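**Student:**
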Amino acid sequence: MSDSDNRRDRVLKAAFDCREPLLAYAWSLLGNRAAAEDTVQEAMLVVVKKHDQFEEGTSVLAWCRAMVRIEVLRAKQTHGKERSLVERLLDDAVDAAFEEFQTSTDHHENGLRQEALAHCFEELTDRGRRLLNARFVDQLSYPQIGDRLQMTIEAVRKALFRTKRLVKSCVETRLEAAQ
Amino acid sequence: MTDKNHDELLNDLIDRHLRGGLSESEQEHLAELLDSRPDARKVFVESVRWETELSGFLRINAQKPEIDRPSAPPSRDGFRTNGLRLLRSMLVLATVVIIGLSALLIRERSGRRNEVVATNETDSSIARITGLSGALIWTGDRGQIVRDISIGTELAGGTIEGMAPDSWFELQFNDRSKVMISGTSVLTFADSGQKILRLREGRLSADVQPQPADKPMLVHTRTALLKVLGTQFDVEAELTSTALNVREGKVRIRRLSDGSEVDVPAEHLAVADGERELIPERVSQSVSEWKTDFENKRDNYGKWQPATDHAPASVKAIPLVPPDAPHVTLHLAGISVDRSDGSPVVIEPGSRFLVKGRLQYDASVHFGIRVAYPNGEFAGMFRGDLHDQQPPAQRNEDGDFAEFYELTNFTVDPAVWDKRDELAPRPDGLVLTGVWAFTHTESPAGLELTEVELLPPELQP
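If you read the sequences in order, they're chains A and B. First residue of the first sequence: 5, per my numbering; consecutive thereafter. First residue of the second sequence: 561, per my numbering; consecutive thereafter.
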């Protein structure tokens, strides 16, 4: 395999490892996970085309994030979402937050986290699992979840907050124990 | 508010933001929180990452029919959602991987353009570009990205971003108020009866006409909010601080972290950060000598490198592709000139610049400066290396160099040559606002700056 092939594979592998952080970035700019997935897919196509423009020694995540940013703006334009000043201020603030704090994880770490998540999810009560599925898989609103699970809106909000925190704490504990 | 309540509030805002459920005032509140509190930014990024990870896991594991699931509700804003999304996502991802690894299908296609050309007229113009140079990008409403902007272009609002230390941009609102950014600054502006600006980072100078008492011009930064009724001032915004220097009139500054406010009168400076009291201080008289402080000033154009046992802190040049010469790659490092006491740095006739640094390979070190008039207005850019053909810098065995650039040899920077009749012919007596150095070689020469110093005549041997 030639040096340029090796370099290409290295850049693309690193870029694909960043898919989840990029999805998080796009989601926080679009306020819609499904649209964020589309946007990251578009950005990945651009990454594949432009892999030779990546500068060695710089951050793959930051480079890919710039591609995603362009696709996010394009998505908003396509859907006729005219941004108000406040939205632009928030977009800038979100952008700055990711620039400052976002880090990538490698393939191995992702695998460990997925294993921990599977274990911790199984440890939830049936109601806890139904609650998370209703929110994240079916994308139901608080009132819709309340209707389905016979809960008040405030109870849904609090239960979701507690359940997510519980799973997160469980995952972190397992990861710490694994180290 | 207790920390617990604060955390819950932030989490609630994040949760609803991710579902597009925030009102405009809540969006503004979230933006303010992110701007002013590093802990909120950290929590935000971690929360979004966690939500992404959790929802990805749940979607993948949702194949099991554990619960009877009604069809998903229609999404907001016309964005598509459908039950086959996961399958489609995986197919697309697999396709992308195949494309990437085989590299057989990678072709340069014209595709969609990332940039569009600016029109000279917009439907609801609020301001007009009255001056610009260097690499700039304007992002208008609806995400329109424009690199091809020119003097006279009418704008309806948007974000202007200076991409290099030699970038500058002047905007005149319809009431003749002027704002100018220089260097690597990012400014968002709008005017729907009240001028609202956001300086995300960098330096802004403004000359503001009297504004309605109930609708002052507002300038947001990450750490402060300025209310302006009509005055001249400069503001420099960094991640953790905002420095306001008022030349004429009065500006009110509010520190976002604690809500404290103070009026800053003419010829006074106030700094909003987390380390000192928010008190206006009289600006010192001008000075004629200046030296970089890379140990403490890290937000330069370039890659900051900390001091080691053997070398001082430095700023390493990074690639820059000039917009008017896309086939050229320069390696450039730039520094904005400011002093903590706010005193302007005036270039005396007969001064010279000393530039110290390191080079990995032999190369000429090109050097330029940006200057302003005493009222803050942009006065021009000059180069110290064009008078004679610049010879390669003399390196010692460690690669260190020290080059002098005499003020008498400075000539108008080619970047502003076509505007030379409108700008100052010489930098003598003007205020130094920025310096930069670059190499132009086929491959990177490894330029690092360790010190740049302005030496007035009396300090020269």
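Don't be surprised by glycine CBs; every beta carbon is placed ideally from N, CA and C. It should be emphasised that the depicted structure is a prediction, and the values quoted were computed from it without experimental measurement.
#1: Please state whether DSSP places I878/B in a helix, a strand or coil.
#2: Return the first residue and the last residue of the beta strand (DSSP E) that M740/B is part of.
#3: M740/B and F938/B - do their beta-carbons sit closer together than 8 Å?
#4: Going by other Cβ atoms of all chains shown within 10 Å of its Cβ, with 16 needed for buried, is P25/A buried or exposed?
#5: Less than 8 Å between the CB atoms is what I'm expecting for Y965/B and F913/B, so what's the real figure, rounded?
#6: Could you give the uninterrupted runs of the beta strand (DSSP E) lying entirely in the segment 946-997 of chain B, keeping only those of 3 residues or more?
#7: Comparing the C-beta of H780/B with each C-beta of chain A, is any distance below 8 Å?
#8: Once you ignore the five residues that flank P725/B on each side, which residues in its own chain have a CB closer than 6 Å to its CB?
#9: Check the Cβ of E119/A against every Cβ in chain B and list those closer than 8 Å, keeping chain order.
#10: Under DSSP, the alpha helix (DSSP H) around N10/A begins and ends at which residues?
#11: Give the secondary structure of D922/B by DSSP, where H, G and I count as helix, E and B as strand, and everything else as coil.
#12: At least one CB of chain B closer than 8 Å to the CB of V90/A: is that the case?
#13: Taking Cβ-Cβ distances shorter than 8 Å, what residues in chain B pair up with F58/A?
#14: Which chain A residues sit within Cβ distance under 8 Å of L578/B?
#15: Once DSSP output is grouped into helix, strand and coil, what is the label at P772/B?
#16: Under a three-way DSSP split, which group does V574/B fall into?
#17: For P25/A, return the contacting residues in chain B, with the cut-off set at a CB-CB distance below 7 Å.
#18: Consult DSSP for G616/B and reduce its assignment to one of helix, strand or coil.
#19: At least one CB of chain B closer than 8 Å to the CB of A18/A: is that the case?
#20: Could you give the residue range of the beta strand (DSSP E) that holds F793/B?
#21: Taking the alpha-carbon positions, what's the D853/B to W864/B distance?
#22: Out of curiosity, what's the CA-to-CA distance linking L573/B and F105/A?
#23: Could you give the distance in angstroms between the alpha-carbon of E613/B and the alpha-carbon of S607/B?
#24: Within the same chain, show all residues whose beta-carbon is closer than 8 Å to that of K851/B, passing over the 5 residues directly before and after it, in chain order.
#25: Going along the segment 861-889 of chain B in order, which residues come within less than 8 Å of chain D, judged by CB to CB distance?
#26: From S63/A to V897/B, what distance separates their C-alpha atoms?
#27: Could you check whether the Cβ of E584/B sits closer than 8 Å to any Cβ belonging to chain A?
#28: Excluding five sequence neighbours on each side, which residues of the same chain lie with their C-beta closer than 6 Å to the C-beta of V795/B?
#29: Are the Cβ atoms of V972/B and V931/B separated by less than 8 Å?
#30: In chain order, what residues of the same chain lie with their CB nearer than 8 Å to the CB of V847/B, ignoring the 5 residues before and after it?
#31: Who pairs with M941/B in a beta bridge, going by DSSP?
#32: Kindly indicate which three-state DSSP category R814/B falls into: helix, strand or coil?
#33: Run down chain A in chain order and give the residues with a C-beta less than 9 Å from the C-beta of E721/B.
#34: In angstroms, rounded to a whole number, what distance separates the CA positions of L967/B and S745/B?
#35: Counting only C-beta atoms, is A101/A closer than 8 Å to chain B at any point?
#36: Check each residue of the segment 740-754 of chain B: if its Cβ is closer than 7 Å to any Cβ of chain A, include it; give the result in chain order.
**Tutor:** Working from what's here:
#1: I878/B: strand per DSSP, three-state reduction.
#2: Residues 738-751.
#3: Contact flag set, yes.
#4: Classification for P25/A: buried.
#5: 4 Å between Cβ atoms; contact.
#6: Counting whole runs of 3 or more residues, the segment 946-997 of chain B contains the beta strand (DSSP E) stretches 960-966.
#7: With its beta carbon less than 8 Å from one in chain A, H780/B belongs to the interface.
#8: Excluding residues within five positions, the ones whose Cβ falls inside 6 Å are G743, Y861, G894, G994, W996.
#9: Chain B residues near E119/A: none, gap ~10 Å exceeds 8 Å.
#10: From DSSP, the alpha helix (DSSP H) with N10/A extends over 7-21.
#11: Of the three classes helix, strand and coil, the one that applies to D922/B here is coil, per DSSP.
#12: It does: the Cβ of V90/A has a partner Cβ on chain B nearer than 8 Å.
#13: Correct list: empty, because the minimum Cβ distance to chain B is about 12 Å.
#14: Within chain A, the residues placing a beta-carbon under 8 Å from that of L578/B are W31, S32, G35, R37, ordered along the chain.
#15: P772/B falls in the coil class under three-state DSSP.
#16: The question names Val, but residue 574/B in the sequence shown is Ile. In the structure shown, I574/B adopts helical secondary structure according to DSSP, grouped into three states.
#17: Near P25/A (Cβ distances below 7 Å), the residues of chain B are R609.
#18: Correct three-state label for G616/B: helix.
#19: Not an interface residue.
#20: Here the beta strand (DSSP E) through F793/B covers 792-797.
#21: Rounded to the nearest angstrom, the gap between the Cα atoms of D853/B and W864/B is 12 Å.
#22: Answer to the nearest angstrom: the Cα atoms are 19 Å apart.
#23: The straight-line gap from Cα to Cα measures roughly 10 Å.
#24: So the qualifying residues of the chain are E1011, V1012, E1013, L1014.
#25: In the structure shown, chain D cannot be found, because the protein chains are A and B.
#26: Between the alpha carbons of S63/A and V897/B lies a gap of roughly 28 Å.
#27: It does: the Cβ of E584/B has a partner Cβ on chain A nearer than 8 Å.
#28: Excluding residues within five positions, the ones whose Cβ falls inside 6 Å are L764, L804.
#29: The beta carbons of V972/B and V931/B sit no closer together than 8 Å.
#30: R899, S903, P904, V905, V906.
#31: Looking at the DSSP assignment, M941/B forms a beta bridge with R930/B.
#32: R814/B: strand per DSSP, three-state reduction.
#33: Chain A residues near E721/B: none, gap ~10 Å exceeds 9 Å.
#34: In this structure, the straight-line span from the alpha carbon of L967/B to that of S745/B is close to 27 Å.
#35: For A101/A, the answer is yes, since a Cβ of chain B falls inside 8 Å of its Cβ.
#36: Within the segment 740-754 of chain B, the residues whose Cβ lies closer than 7 Å to any Cβ of chain A are, in chain order, T748, A750.
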